[in-house]
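Take a look at the structure below.
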Amino acid sequence: MTDQAYNFAYLDEQTKRMIRRAILKGVAIPGYQVPFASREMPMPYGWGTGGVQVSAAVLTPDDTLKVIDQGADDTTNAVSIRSFFERTAGVATTTATRAATVIQTRHRIPEEPLTEGQILVYQVPIPEPLRFLEPRESETRKMHSLEEYGLMHVKLYEDISRHGHIATSYAYPVKVEGRYVMDPSPIPKFDNPKLSGTPAIQLFGAGREQRIYALPPYTQAVSLDFDDHPFTPSKADHPCGLCAATESYLDEVITDDQGGRMFVCSDTDYCTARQAAGHKGKDAA
Amino acid sequence: MTPLLSVQGITKHYGAHIGCADVSFDLYPGEVMGIVGESGSGKSTLLNCMAGHLAPDAGRVVFDTRKPSEGDAADHENHGPRDTVTMSEPERRMLSRTDWAFVHQHARDGLRMGVSAGGNVGERLMAVGARNYASIRDQATDWLGRVEIDAGRIDDRPTTFSGGMQQRLQIARNLVTGPRLVFMDEPTGGLDVSVQARLLDLLRGLVRDMGLSAIIVTHDLAVVRLLADRIMVMKSGRVVESGLTDQVLDDPQHAYSQLLVSSVLQV
Amino acid sequence: MITLTDVSKTFTLHNQGSAVIAVIDKANLTVAPGECVALTGASGAGKSTLMRMIYGNYLTQSGSIRIGDVDLVQAQPRDVIALRRAKLGYVSQFLRVVPRVPTLDVVAEPLRVLGIPAPAAQDRARALLTQLNIPQRLWGLSPTTFSGGEQQRVNIARGFAHPYPALLLDEPTASLDPHNREIVLSLIADAKARGAAIIGIFHDAEARDRLCDREIDVGAFTPQAVA
Chain V
13 MTDQAYNFAY LDEQTKRMIR RAILKGVAIP GYQVPFASRE MPMPYGWGTG GVQVSAAVLT
73 PDDTLKVIDQ GADDTTNAVS IRSFFERTAG VATTTATRAA TVIQTRHRIP EEPLTEGQIL
133 VYQVPIPEPL RFLEPRESET RKMHSLEEYG LMHVKLYEDI SRHGHIATSY AYPVKVEGRY
193 VMDPSPIPKF DNPKLSGTPA IQLFGAGREQ RIYALPPYTQ AVSLDFDDHP FTPSKADHPC
253 GLCAATESYL DEVITDDQGG RMFVCSDTDY CTARQAAGHK GKDAA
Chain R
88 MTPLLSVQGI TKHYGAHIGC ADVSFDLYPG EVMGIVGESG SGKSTLLNCM AGHLAPDAGR
148 VVFDTRKPSE GDAADHENHG PRDTVTMSEP ERRMLSRTDW AFVHQHARDG LRMGVSAGGN
208 VGERLMAVGA RNYASIRDQA TDWLGRVEID AGRIDDRPTT FSGGMQQRLQ IARNLVTGPR
268 LVFMDEPTGG LDVSVQARLL DLLRGLVRDM GLSAIIVTHD LAVVRLLADR IMVMKSGRVV
328 ESGLTDQVLD DPQHAYSQLL VSSVLQV
Chain F
32 MITLTDVSKT FTLHNQGSAV IAVIDKANLT VAPGECVALT GASGAGKSTL MRMIYGNYLT
92 QSGSIRIGDV DLVQAQPRDV IALRRAKLGY VSQFLRVVPR VPTLDVVAEP LRVLGIPAPA
152 AQDRARALLT QLNIPQRLWG LSPTTFSGGE QQRVNIARGF AHPYPALLLD EPTASLDPHN
212 REIVLSLIAD AKARGAAIIG IFHDAEARDR LCDREIDVGA FTPQAVA
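Those sequence lines, one after another, are chains V, R and F. Sequential numbering of the first sequence, starting at 13, is according to my numbering. Sequential numbering of the second sequence, starting at 88, is according to my numbering. Sequential numbering of the third sequence, starting at 32, is according to my numbering.
Given below as structure tokens:
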């Protein structure tokens, strides 16, 4: 039931218009961080305030919303955001990737390939990929505008010199259409190839940092690397304990105090669907 | 012969106060020029105007830019002497990480303290497009050797280095892309005397072997005597005397130069 | 090779009531290749001053000082430096070097700045150091720690590393023992024999008589007002 005390999707129409303008600018300049006037939301920073504002601005009453947190539909963050929009927008919700028109995500891209017409909204904690090497915002903006990205490779160089390989395993930077270097939010680098050439629209919202950026459909996003240390998407080298999938990103679950553990798909919808289709892993009940 | 750098009428005011006024000189390839004067004489302002860190109120800083190599996508008409003050910012920044180098007085201003020695040296290489880890690392190792830093320290952060080592690392980081002009701001300031001597010897060798041109700002007359071919003496933002280093130091003509030279404590 | 025409020099002491002291007035002097000329005169007559002017170390107010085809009085600093590197050598009484640099490199440096590769330059330096009896164990050390006589010999080795067509020598045999003095005198004689134009200040009268073709009394150039 929609709570009639709120405007549709919580935000007032002027704010949604302002956010849509930022989104349109982001879509027009793929990978470019557009500043926007982020609002206070009824949840703390770090809980997806940026993603929620972007979702609120793109939702229509006809949409079907899916919310995931690290791939799961049933964790606190996902459940509370889903119920937030059920209450303030009255939109239909789903856990099925293919049934959703808008998917808000924290730190994952669904395993099932996205399609045209879908919108994937990322929650972004720190949008600036250069931040940890160059703390001055004035300088990082200049570096973006002048395409001075040598520093990104310094970060990867440091990884290799310390660990023998590129140890960055999430929030792995990509170069968008040969122009802007972008932080894809803390998705595992396993998901990086899925950023590129996707038929869906990908929108990124950082509430605390007040930035929105976007990848329009079929946009190229190349993970940075060295000639002699090429980018490799990686995952735990196991099949899923529940559905036996070998191609999906896995979470490690500790099962007891004796060192027992199992690997299961992080994408709960994908895993459930496979189990329903009869796939069975070694740990399945 | 075309000067590598031709400074013409550089003037910079800070409100009503003069930073530097109407400074002109030509620097030829392979020349090392010292700029001396007491604190507040305008020498650092001048250096920062030349290096593009400050916009001068008037004047030109004409640099003889390199001819693009054969098949380079760069504009083949756009080389030779160019005014870097009016040049676009991307071009100037590109210049400052290829043909120019800037050695700061405090190594921490010129280094990334949170990045390893190898990463510090490799940054300029990566900035101009190097994408092969092994070759970047080889060049970093080679440069650490040239500035007498043990190759075993390549993965250590500069925070673990002594002041002299940090300064040498800063020099390696700057020279790795083979610049033609190096700006130095009190490069030996803050270092103790024995470390200074080692650094001076290193700089002399590098300048000679790489055919570098350099502009060194310092208040230390012993440093300019050893490093610079010629000097300019500045006072209150103006050049009061210039000429061959040993001639200006041994036979100063201007009252202020005479005072400056006679003020040096004898050891 | 070296030609001085109407050369004059004054010092203005701005910090001592702007006193103007004239030291050299209308000096004329010519030294041909293969000729050695001694500057003589009482102490304070201006021998060292004149020599420093010929090296470009002191500024000359008027006249011309030609070394080959370059007029030092008019030349740009970079031309003076090029001249000093290739053509005009100067052995002063004092060694002035960067601390910490090994003796071998100090002696080889004049060749290195001319672009001669390190091995060849060091070979030449080794030969000179051997000739001048600097023990091999000292070659790797900085000459700043050496005795006065050793420093003087390192200074001479450095000054003779490159065969300059013009050479200025300020008391080259001072503080040397008789044996090393002979070696230095033979080095000078060799330079003369290969055609170098040499101007020297020798307090050592016997050396002066042996090497020099002429003596010039600098007292003749001393301005009358002072004399």
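Note that CB positions come from ideal geometry on N, CA and C, so glycine has one too.
Under the three-state DSSP convention, the category residue i falls into
i: F189/R; result: strand
i: I147/F; result: coil
i: F216/V; result: strand
i: K247/V; result: coil
i: V265/V; result: strand
i: D56/F; result: strand
i: E213/F; result: helix
i: C283/V; result: helix
i: R223/V; result: strand
i: N204/V; result: helix
i: F233/F; result: coil
i: A258/F; result: Only weak support is given to the placement of A258/F: the predicted model assigns it a pLDDT of 41, under 50, and the question is left unresolved by the model.
i: R97/F; result: strand
i: Y22/V; result: strand
i: P168/R; result: strand
i: F275/V; result: strand
i: D221/F; result: helix
i: A139/F; result: helix
i: L199/F; result: strand
i: M120/R; result: strand
i: P177/R; result: helix
i: G120/F; result: strand
i: C252/V; result: coil
i: I105/R; result: strand
i: C243/F; result: coil
i: M155/V; result: helix
i: D37/F; result: strand
i: G158/R; result: The predicted position of G158/R is uncertain, since its pLDDT is 49 and thus under 50; a value taken from the coordinates is nonetheless stated next. DSSP places G158/R in coil when its eight states are reduced to three.
i: H341/R; result: coil
i: F42/F; result: strand
i: P47/V; result: strand
Beta-carbon proximity list for residue i, same chain, < 7 Å, skipping 5 on both sides
i: T41/F; result: V51, I52, A53, V54, Q92
i: P143/R; result: I97, T98, K99, C136, V172
i: R179/R; result: G139, T171
i: V68/V; result: Looking at the sequence itself, residue 68/V is Ala, so the reference to Val does not match. Here the set comprises A21, Y22, L23, K28.
Same chain, Cβ closer than 8 Å to residue i, neighbours up to 5 away in sequence not counted
i: L262/V; result: K247, A248, H250, C252, F275, V276, C277, S278
i: Y57/V; result: G219, R220
i: N204/V; result: Y184, V186, P196, A233, S235, F243, P245
i: I121/V; result: L132, I199, D203, K206, L207
i: E128/V; result: P211, A212, P229
Cβ-based burial, residue i [other Cβ within 10 Å; buried from 16]
i: S150/V; result: exposed
i: E102/R; result: According to the sequence as given, residue 102/R is Gly; it is not Glu. That one is exposed.
i: R168/F; result: exposed
i: V39/V; result: buried
i: H175/V; result: exposed
i: I224/V; result: buried
Proximal residues to residue i (C-beta, below 6 Å), its chain only, five neighbours per side dropped
i: Q183/F; result: S206
i: P209/F; result: none
i: S157/V; result: none
i: D109/R; result: G96, T98
i: R260/R; result: N207, V208
Where in the region 64-152 of chain V do unbroken runs of the alpha helix (DSSP H), each at least 4 residues long, occur, reported from the N-terminal end onward? Runs found: 88-100.
Identify every run of the beta strand (DSSP E) within the region 302-328 of chain R, keeping only runs that are complete inside it and at least 3 residues long; order them along the chain. Entirely contained in the region 302-328 of chain R, the beta strand (DSSP E) runs reaching 3 residues are, in chain order, 317-322.
Which complete beta strand (DSSP E) runs does the region 264-303 of chain R hold, if anything under 3 residues is left out? Qualifying beta strand (DSSP E) stretches, in chain order: 268-272.
With contact counted as at least three CB pairs below 8 Å, one residue from each stretch, are the region 144-164 of chain F and the region 233-244 of chain F in contact? By the Cβ rule, the region 144-164 of chain F does not count as touching the region 233-244 of chain F, because fewer than three pairs are nearer than 8 Å.
Assess contact between the region 166-174 of chain V and the region 193-202 of chain V, defined as three or more Cβ pairs (one per stretch) separated by less than 8 Å. Is contact present? Per the Cβ contact rule, the region 166-174 of chain V is not in contact with the region 193-202 of chain V (fewer than 3 Cβ pairs under 8 Å).
What residue ranges within the region 204-258 of chain R form continuous alpha helix (DSSP H) runs of no fewer than 4 residues, ordered along the chain? Complete alpha helix (DSSP H) runs here, min 4: 204-214, 220-233.
Taking contact to mean 3 or more Cβ pairs, one atom from each stretch, closer than 8 Å, check whether the region 103-122 of chain F and the region 252-266 of chain R are in contact. The region 103-122 of chain F, when compared against the region 252-266 of chain R, does not touch it at the 8 Å Cβ threshold.
Touching by the beta-carbon criterion (3+ pairs, under 8 Å), the region 121-132 of chain F and the region 187-198 of chain F: Counting Cβ pairs under 8 Å, three or more are found: they touch.
Contact the region 67-83 of chain F vs the region 216-236 of chain F: 3+ CB pairs below 8 Å: Yes, the region 67-83 of chain F is in contact with the region 216-236 of chain F.
If contact is defined by three or more beta carbon pairs under 8 Å, each pair taking one atom from either stretch, is the region 315-325 of chain R in contact with the region 112-132 of chain R? Result yes; three or more Cβ-Cβ pairs closer than 8 Å.
Cβ pair count under 8 Å reaching 3, the region 283-299 of chain R against the region 92-106 of chain F: The region 283-299 of chain R, when compared against the region 92-106 of chain F, does not touch it at the 8 Å Cβ threshold.
Count the CB pairs spanning the region 78-86 of chain V and the region 94-109 of chain V that are closer than 8 Å, and state whether there are at least three. Counting Cβ pairs under 8 Å, three or more are found: they touch.
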